[in-house]
Amino acid sequence: MTDPSDLARRVREGELRLHELDDHADPETAATARRMFVAGETDTDLDTVGEYAFAAETAEPNIENMIGGTQVPVGVVGPVEIDGGAVAGERYLPLATTEGALIASVNRGCSAIRAAGGATARVLKNGMTRAPVFTVADVGEAATVAAWVRENTDELAAAAESTTSHGELTDVTPYVVGDSVFLRFTYDTKDAMGMNMATIATEEACGVVEAETPASLVALSGNLCSDKKPAAINAVEGRGRTVAADVFIPHDLVEERFKTTADAIAEANTRKNLVGSAKAGSLGFNAHAANTVAAAFLALGQDIAQVVEGSNAITTVEEREDGLYASLTIASLEVGTVGGGTGLATQAEAMEVVGVTGGGDPPGSNADALAEVIATAALAGELSLLSALASRHLSSAHEELGR
């Protein structure tokens, strides 16, 4: 067996680089050697970083220069009853967070939803996007390229789908800005989040565009996708899953569970989430949907940077004759139940708790179900925070729970 301390010495002496350790040892030994090297160079103790439950080789698709694992506390919310298009019945949702009061808050909302008979949830749209940018001579050529793309979607689909056994190209929309042509490719990636799938497929289709038109590819991603950035196009057109959840809670339950009234919660939502967000120029008209999305993404092996898109949500609340109606619509929730970090041991176990491990039957149904569960939990979090604000209990709750 290769001695990790000897490997660390060879890195220290310049004989090897950190990334080259994988060529000289198994993944576990290489990680240990890097950890020893970094600890020595920075005069730190990394023993806790070195205590992780997953096998190092299982993380190879997810990370480079691995030295260990970071642990985040995981809690659970639920059960919450969901009448969904892909999920039916009660579900739990693991959430990983360092924010005290978050789990308690979401659980309070889940309790109210459960007492009211459950929430309704639906995936309204599904499409992972990639938008390359091309250069042309002038707007005349740009118009020619755009017209050709509109008339030859089938040819582009044949090229794109030749790279994958699962993904399907569903749309290509041209956008012209002067001598730049952007093509926003949209794919049904089934149970995968699908960013890599869309990128590889789009590259193949770009070759056809260059061969058949005067356009020349500048960048495979032209930011009109738009990935991991706040973007109005995602709010309007969606990216990943566009998912909505709603609930009706009778007046007596509102007052029992939230210690306030439907009218007060509705006013807080209007003045905070709608008017306040508009004044701030926010793309997210919600209280803290990103809190639940981020915690779910960490626990379930999703791409955490895509919380940016997951916060692109609108919360609506209204007082009705018999109670409170509330909804949350997330325009661009990018989730998958295969690939990415879903295969890591702790994340895979969390997926099993939700009941959405691996590919669904039919394909895409597991990722749809996951989106519906996350949206429902995020709605619960919205209700709980809004009611805390309406009843002026927010600061006391955080103080009581250690914040």
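According to my numbering, the residues represented by the sequence shown are 660 to 1062, in order.
Where a beta carbon is used, it is the ideal one built from N, C-alpha and C, also for glycine.
Pull up the distance between the alpha-carbon of H910 and that of A954, whole angstroms please.
30 Å
What is the DSSP secondary structure of L933, counted as helix, strand or coil?
helix
Cβ atoms of L992 and I1033: under 8 Å apart, would you say?
yes
With respect to the beta strand (DSSP E) encompassing V735, which residues constitute its N-terminal and C-terminal limits?
V733 to G743
Would you identify the three-state DSSP class for S1050, choosing helix, strand or coil?
coil
Using a Cβ-Cβ cutoff of less than 6 Å, which residues in the same chain neighbour V733 once the five nearest sequence positions on both sides are dropped?
P753, A755 and A958
Residues near D905 in its chain [Cβ-Cβ closer than 6 Å; skip 5 each side]:
T779 and S986
Considering only C-alpha positions, which residue in the set N785, N932 and L879 is nearest to S1046?
N932
Between the Cα of D704 and the Cα atoms of G866, E827, I726 and L675, which residue gives the shortest distance?
I726
Range covered by the beta strand (DSSP E) that runs through F907
G899 to P909
Is the distance from the Cβ of V782 to the Cβ of E1031 below 8 Å?
yes
Within this structure, are the beta carbons of T951 and V765 separated by less than 8 Å?
yes
Ignore the nearest five residues each way along the sequence and tell me which others in A698's own chain have a CB closer than 6 Å to its CB.
L705
E719 versus E1008 - alpha carbon distance:
19 Å
Leaving out the 5 sequence neighbours to the left and right, which residues in its chain are closer than 8 Å to A667 when beta-carbon positions are compared?
A692, R693, M695, F696 and G699
Short of 8 Å in beta carbon distance, which residues of its chain neighbour G748, apart from the five on each side in sequence? Order them along the chain.
E740 and I741
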